[in-house]
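The structure under discussion appears below in the form of structure tokens.
Protein chains in written order, with our numbering: chain A, 1 to 320; chain B, 1 to 320.
Structural data, given as structure tokens:
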């Protein structure tokens, strides 16, 4: 696919995702209006909508049909957004700006920043639960095939929600954030530098975990087998790690203006990075290997999706 | 039931609940060990375990059997605990002690306080999802009755989880916390005093909502009808509101030492309370009316449970 064609398609698909997310935004009224405003302010900060987009692409590539994936797409973006809202808090990274826009706490105050993050995490589960047939009267289903179908769909939704929860939690993203803070603290306190194992743990949990949740949930909801879901977990691992190594690479060779954020910020608070530990050339080779393997796994498991393949390569080979 | 017998039974049941919760505590290892320690520290702070206890009692009173309620019992205690952890943060109430023990952030720092709260909220959903048959191969279920049973149980678990999420979120507990902060801020900034409607909104959402979730989820998991679940919602509303009015009453007539916390703290940061708005005698009469009505609803809907009836009356008529 030509770059221009890819970019047009990416933009079109991203606006479709945006429209889906908007359907699940909370209405801003009642005595709790402020927290609802703060949540919507956070959700509407823009961004690539990468996780719901990946989820949707994997869902359709595995032959998924219908709208069951949509509440899950909104849910994963809410989880990603809450993690940024809490990360930006004064007690965490103390960031007043993100993507050139004031952060949630710096507009609504610390307390509302905390509550808006909590509200978004909680709303993610409320939203995903809409994929279940909560109101349908199952006892009226007399056709055996039909009840099997409904039971199968519920089980798939429960599995997808379980993966989402597990990858977002202390065994996933929150675990990665904790390990990151702990490693930085250790470096500051005792000068003890981060090991490659620890660095990969942080990249895997802080970044790859939600990409894994997106791709695994998309596959599960489309009815993929356990083996296929496991392949998506590996594919997403590669994408997440390659993305982070590329971050480390750009931090060395990149230009602050082009990158849109100060070089040396974010994960790069660590004195050791993938690049300092393995060297620039090996880091570049690893990005290439990991992302090509990801595309290969995807094609072998889910089938050909040229847009998705190009999306993966654009993420891991990005120049800014 | 004699008071002594009731207290012995309460203690026994509370330790049973404690044992169930402990089965779902995260293991403290890995690079994210600190957040896991902070979560367990928070969960093991003691407390009445009121919400899981109510859930279990309602579950058995409606004829529920088996262990499906147990992950939900642990989940609701995790949600209650996370709300306390975040409430205590410097950016919120800035409390260094709770029940005579140092609060989570004051032991582990602000950042870990935020992450431990996030981790607990997330873990609540991971835990409740264990009530679903995630691994069972449903296609192997050839007996029609059996597949109906499994589908029905999954739907009940999904409904219970949806109620839990809705009552914990911005339409429930988080909504109540927001309204509380907003009302206090208004009183401080402009002297505008809280109205009865606003006060009841705060009591209903901040306190009653999780009691509603406990009792409704217990009923749903036991297979109660929609009408019965709605009755539990009303019953729990009465308990929550009566409990909070009693708090306001004790704040006026109580003794700081007996109450175990400084009189005038907590919700009583508002200049207006239920007692100042309606007078002490009317407030007392309302507590009596609300709690007797709660017991009456319970008996008419779920049947006789003398322990539970006495528990409700002990909560709303407490002297400290």
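For every residue, glycine included, the Cβ atom is placed at its ideal position computed from N, Cα and C.
What you are looking at is a predicted structure, and each value in this text was computed from that prediction instead of being measured.
- Taking 9 Å as the threshold, the shortest C-beta distance from residue 274 of chain B to chain A does not fall below it.
- By the rule that beta-carbons nearer than 9 Å mark a contact, residue 43 of chain A does not touch chain B.
- Counting along the chain, the unbroken alpha helix (DSSP H) around residue 56 of chain B starts and ends at 50-61.
- As the crow flies, the alpha-carbon of residue 40 of chain B is around 12 Å from that of residue 23 of chain B.
- Between residue 194 of chain B and residue 272 of chain B, the C-beta spacing is below 9 Å.
- Within chain A, the residues placing a beta-carbon under 9 Å from that of residue 110 of chain B are 89, 90, 91, 92, ordered along the chain.
- In the displayed model, residue 82 of chain B falls within a helix according to three-state DSSP.
- Taking the CA atoms as reference points, residue 290 of chain B sits about 22 Å from residue 3 of chain B.
- With a 10 Å radius around the Cβ and a threshold of 16 neighbouring Cβ atoms, residue 153 of chain B comes out buried.
- Within the segment 121-136 of chain B, the residues whose Cβ lies closer than 7 Å to some Cβ of chain A are 121, 122, 123, 125, 126, 129, 132, 133, 134, listed in chain order.
- Per DSSP, the unbroken alpha helix (DSSP H) holding residue 186 of chain A starts and ends at 173-190.
- Residue 98 of chain A has A/101 as its beta-bridge partners, per DSSP.
- Residue-level contact by beta carbon holds for residue 115 of chain B and chain A, with a gap shorter than 9 Å.
- Contact of residue 170 of chain A with chain B by beta-carbon distance below 8 Å involves 26, 32, 35, 36, 39, 119, 122, 123.
- The Cβ of residue 237 of chain A sits no closer than 9 Å to any Cβ of chain B.
- The straight-line gap separating the alpha-carbon atoms of residue 141 of chain A and residue 84 of chain A is approximately 44 Å.
- Not one beta carbon of chain A lies nearer than 9 Å to the beta carbon of residue 81 of chain B.
- For the pair of segments examined, the segment 44-62 of chain A was found to touch the segment 291-307 of chain A: the number of CB pairs separated by less than 8 Å reaches three.
- In the structure shown, residue 212 of chain B adopts helical secondary structure according to DSSP, grouped into three states.
- Chain-ordered, the chain A residues with CB closer than 7 Å to the CB of residue 161 of chain B read 129.
- Contacts between residue 150 of chain A and chain B, judged by CB atoms closer than 7 Å, involve 151 in chain order.
- Here residue 111 of chain B is near residue 91 of chain A, since their CB atoms are less than 9 Å apart.
- Boundaries of the alpha helix (DSSP H) around residue 238 of chain B: 226-253.
- Taken atom to atom, the span from the alpha-carbon of residue 254 of chain A to that of residue 46 of chain A is near 23 Å.
- Between the segment 166-177 of chain B and the segment 208-215 of chain B there are three or more C-beta pairs closer than 8 Å, enough to call the two in contact.
- A distance of 9 Å or more separates the beta carbons of residue 179 of chain B and residue 214 of chain B.
- Neighbourhood of residue 72 of chain A in chain B, by CB distance below 7 Å: empty, with the nearest CB roughly 14 Å away.
- With a 10 Å radius around the Cβ and a threshold of 16 neighbouring Cβ atoms, residue 232 of chain A comes out buried.
- Shown here, residue 41 of chain B sits in a helix according to DSSP, grouped into three states.
- Spatial neighbours of residue 101 of chain A in its own chain (CB-CB distance under 7 Å, excluding positions within 5 residues in sequence) are listed in chain order as 45.
- A contact is defined here as three or more CB-CB pairs under 8 Å, and the segment 215-226 of chain A meets this definition with respect to the segment 154-162 of chain A.
- Taking a beta-carbon distance threshold of 9 Å, residue 202 of chain A counts as an interface residue toward chain B.
- Counting C-beta pairs closer than 8 Å gives fewer than three between the segment 133-147 of chain B and the segment 111-126 of chain A, which falls short of the contact rule.
- In the structure shown, residue 87 of chain B adopts helical secondary structure according to DSSP, grouped into three states.
- Straight through space, the alpha carbons of residue 30 of chain A and residue 183 of chain A are spaced by roughly 42 Å.
- Under the three-state reduction of DSSP, residue 132 of chain B is assigned to coil, being neither helix nor strand.
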